[in-house]
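Trainee:
Residue numbers (my numbering): 31 to 349.
Structure representation (structure tokens):
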């Protein structure tokens with residue numbers, strides 16, 4: 031018997047591209063991972079809920095934003111939940127009070143894993159939440175709730191520390207089913223970042239493309255255009271002012287003896303093996319570090335260049 035029988039049932043009609051994915055879902059889940067790329071408007075959330083229902087197990091949904099966290103719960107209420115049931119008995123957005131389906135943000139997971147206490151704020155939305163996980167046993171709570179399915183929504187939109195918390199969490203969870211959904215896979219990531227992403231989500235199993243949405247009249251045919259023009263006089267002044275301030279800042283940093291001393295003492299410059307994993311978590315930082323060392327004649331292990339797959343580094347610049 032399905033755990034979600036008489037609780038969740040899709041109230042709409044599946045589109046053909048959604049049916050295609052669902053018909054193959056059992057085969058994809060044979061390795062306990064399903065990874066779907068779905069263009070905006072393809073019903074990614076709806077697909078995710080149906081996949082959760084088919085796993086027949088309690089689920090934890092992780093999203094990058096508070097508003098997306100709430101969208102998952104609203105979609106379940108509107109499109110799936112038995113109207114005779116109370117949502118509060120089935121759904122939760124509180125990690126301290128998990129239900130059959132619990133929806134939280136990656137930031138909440140990070141706070142729980144690190145036992146953070148204080149205010150959290152989303153960089154782009156200014157949404158704030160007070161959290162106190164100082165005495166909270168997140169892993170024990172999740173396991174006691176019987177959660178065996180983790181749904182990852184757009185998991186590549188993570189800060190490095192959130193990635194680390196997610197990896198630590200998944201390692202401790204052991205044998206769980208992972209449902210990964212995204213509209214924008216990180217195809218532009220570095221090889222190390224892409225490998226990290228695939229290790230978490232598995233290879234892409236299905237992709238729902240924009241032409242499929244247009245064909246089924248789910249999306250209006252359109253064509254994007256980009257227009258280039260020269261900045262106005264006022265805009266050019268702002269650009270010039272910014273560049274001037276950037277050049278001044280770089281000159282100040284390059285002349286800072288304390289900064290040079292601090293960088294030169296970085297153990298990772300010579301201890302490649304000991305700092306390999308840590309520094310490769312942020313390749314942009316590693317590149318900037320080495321470029322600075324090159325400009326300041328600070329010695330570093332040349333093996334780092336081979337790891338970055340470059341023969342030489344570019345000169346120092348405001349970038």
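For every residue, glycine included, the Cβ atom is placed at its ideal position computed from N, Cα and C. Since we're looking at a predicted model, the values are computed, not measured.
1. Counting contacts by CB-CB distance shorter than 8 angstroms, is residue 128 in contact with chain B?
2. Compare the Cα-Cα distances from residue 184 to each of 218, 231 and 346 and report the closest residue.
3. State the beta-bridge partners of residue 111 as determined by DSSP.
4. Any idea which residues DSSP pairs residue 120 with across the strands?
5. Report the partner residues of residue 310 according to the DSSP bridge assignment.
6. Going by DSSP, what residues sit across from residue 161 in a beta bridge?
7. Taking the DSSP output, what are the residues bridged to residue 181?
8. Less than 8 angstroms between C-beta atoms, sequence neighbours within five positions excluded: which residues of the same chain meet that for residue 283?
9. Look at the alpha carbon of residue 170 and the alpha carbon of residue 148, and state the distance between them as a whole number of angstroms.
10. In the structure shown, what three-state DSSP assignment does residue 262 receive?
11. Of the choices 261, 262, 278 and 241, whose alpha-carbon is the least far from that of residue 252?
12. Is any heavy atom in the ligand SAH found nearer than 7 angstroms to the beta carbon of residue 346?
13. Tell me which residue opens and which closes the beta strand (DSSP E) that residue 135 is part of.
14. Measure the beta-carbon distance from residue 101 to residue 75 and round it to whole angstroms, keeping in mind my assumption that it falls under 8 angstroms.
15. What span of residues does the beta strand (DSSP E) with residue 238 cover, start to end?
16. Measure the C-alpha to C-alpha separation of residue 174 and residue 266 and round it to an integer number of angstroms.
17. Rounded to whole angstroms, what is the Cα-Cα separation between residue 221 and residue 190?
18. Would you give the residue range spanned by the beta strand (DSSP E) that residue 219 belongs to?
19. Compare the C-alpha of residue 132 against each of 121, 319 and 340 and name the closest.
20. Among the candidates 205, 165, 201 and 195, whose CA atom is the shortest distance from the CA of residue 179?
21. Which whole-angstrom value is the C-beta distance of residue 181 and residue 209, which I expect to be below 8 angstroms?
22. Can you tell which of 297, 310, 235 and 247 has the C-alpha that lies nearest to the C-alpha of residue 328?
23. In whole angstroms, give me the CA-to-CA distance for residue 309 and residue 199.
24. I'd like to know whether the C-beta atoms of residue 280 and residue 197 end up nearer to each other than 8 angstroms.
25. Is the CB-CB distance between residue 125 and residue 168 below 8 angstroms?
26. Out of 306, 299 and 307, state which residue places its alpha-carbon closest to the alpha-carbon of residue 319.
27. Between the C-alpha atoms of residue 248 and residue 304, what's the straight-line distance to the nearest angstrom?
28. Considering only the alpha carbon of each residue, which of 177, 96, 97 and 142 lies closest to residue 33?
29. Skipping 5 residues on each side, what residues in its chain have a beta carbon closer than 8 angstroms to that of residue 312?
30. Taking DSSP as the reference, what is the three-state secondary structure of residue 63?
31. According to DSSP, what are the bridge partners of residue 68?
32. Just mark residue 88 as buried or exposed, buried being the case when its beta carbon has 16 or more other beta carbons within 10 Å.
Mentor: So, from the data block:
1. Of the chains in the structure shown, none is chain B; there is only one protein chain.
2. Along the chain shown, one-based indexing puts residue 184 at 154. When each option's Cα is compared against that of residue 184, the closest is 231.
3. On the chain shown, residue 111 is found 81 positions in, with the first residue counted as 1. Partner(s): 38.
4. As a working mapping, residue 120 is identified with position 90 in the chain shown. None, per the DSSP bridge assignment.
5. Walking along the chain shown from the start, residue 310 turns up at place 280. Its beta-bridge partners do not exist; DSSP assigns none.
6. Here residue 161 is taken as the residue at index 131 of the chain shown, counted from 1. Its beta-bridge partners are 148.
7. Here the question's residue 181 lines up with position 151 in the chain shown. According to DSSP, which records beta bridges pairwise, residue 181 is partnered with 91 and 209.
8. In the chain shown, the residue the question calls residue 283 occupies position 253. If we look at residue 283 and ignore the five residues flanking it on each side, its Cβ neighbours are 289.
9. Within the chain shown, residue 170 is the residue found at index 140, counting from 1. Within the chain shown, residue 148 is the residue found at index 118, counting from 1. Using only the alpha carbons, I get a separation of about 22 angstroms.
10. What you label residue 262 is simply residue 232 of the chain shown in a count that begins at 1. Three-state DSSP puts residue 262 in coil, outside helix and strand.
11. Looking up residue 252 in the chain shown gives position 222. Answer by Cα proximity: 241.
12. Summarising the ligand content, the structure contains no ligands, and the ligand SAH is consequently not present.
13. Start at 1 with the first residue of the chain shown, and residue 135 comes out as number 105. Segment 131-135, the beta strand (DSSP E) holding residue 135.
14. Position 71 of the chain shown, counted from the start, is the residue given in the question as residue 101. Position 45 of the chain shown, counted from the start, is the residue given in the question as residue 75. The pair is a contact, with the Cβ atoms about 7 angstroms apart (cut-off 8 angstroms).
15. Residue mapping note: residue 238 aligns to position 208 of the chain shown, counting from 1. Segment 236-238, the beta strand (DSSP E) holding residue 238.
16. Numbered from 1 along the chain shown, position 144 holds the residue referred to as residue 174. Numbered from 1 along the chain shown, position 236 holds the residue referred to as residue 266. Going from the Cα of residue 174 to the Cα of residue 266 covers about 60 angstroms.
17. The sequence position of residue 221 within the chain shown is 191, counting from 1. The sequence position of residue 190 within the chain shown is 160, counting from 1. When rounded, the distance between both Cα atoms is 16 angstroms.
18. Here residue 219 corresponds to residue number 189 of the chain shown, with the count starting at 1. Careful: residue 219 lies outside any beta strand (DSSP E) and carries neither H nor E.
19. Working through the chain shown from its first residue, we reach residue 132 at position 102. The option with the nearest alpha carbon to residue 132 is 121.
20. As a first step, residue 179 is located in the chain shown; it is residue number 149 there, counting from the start. It is 205.
21. Counting from 1 along the chain shown, the entry for residue 181 is found at position 151. Counting from 1 along the chain shown, the entry for residue 209 is found at position 179. Right, the Cβ-Cβ distance comes to about 4 angstroms (below 8 angstroms), so this counts as a contact.
22. By one-based count along the chain shown, residue 328 stands at place 298. That would be 297, whose Cα lies nearest to the Cα of residue 328.
23. Working through the chain shown from its first residue, we reach residue 309 at position 279. Working through the chain shown from its first residue, we reach residue 199 at position 169. Roughly 21 angstroms separates the two Cα atoms.
24. Position 250 of the chain shown, counting from 1, holds the residue named residue 280. Position 167 of the chain shown, counting from 1, holds the residue named residue 197. No. Outside cutoff.
25. Counting from 1 along the chain shown, the entry for residue 125 is found at position 95. Counting from 1 along the chain shown, the entry for residue 168 is found at position 138. Result yes, Cβ atoms of residue 125 and residue 168 sit closer than 8 angstroms.
26. Residue mapping note: residue 319 aligns to position 289 of the chain shown, counting from 1. Nearest C-alpha to residue 319: 299.
27. Looking up residue 248 in the chain shown gives position 218. Looking up residue 304 in the chain shown gives position 274. Whole-angstrom Cα-Cα distance: 51 angstroms.
28. By one-based count along the chain shown, residue 33 stands at place 3. Of 177, 96, 97 and 142, the residue nearest in Cα terms is 177.
29. Start at 1 with the first residue of the chain shown, and residue 312 comes out as number 282. Hits under 8 angstroms: 190.
30. Walking along the chain shown from the start, residue 63 turns up at place 33. DSSP places residue 63 in strand when its eight states are reduced to three.
31. As a position in the chain shown, residue 68 is number 38, starting the count at 1. 238, per the DSSP bridge assignment.
32. Numbered from 1 along the chain shown, position 58 holds the residue referred to as residue 88. The residue is buried, with at least 16 neighbouring Cβ atoms inside 10 Å.
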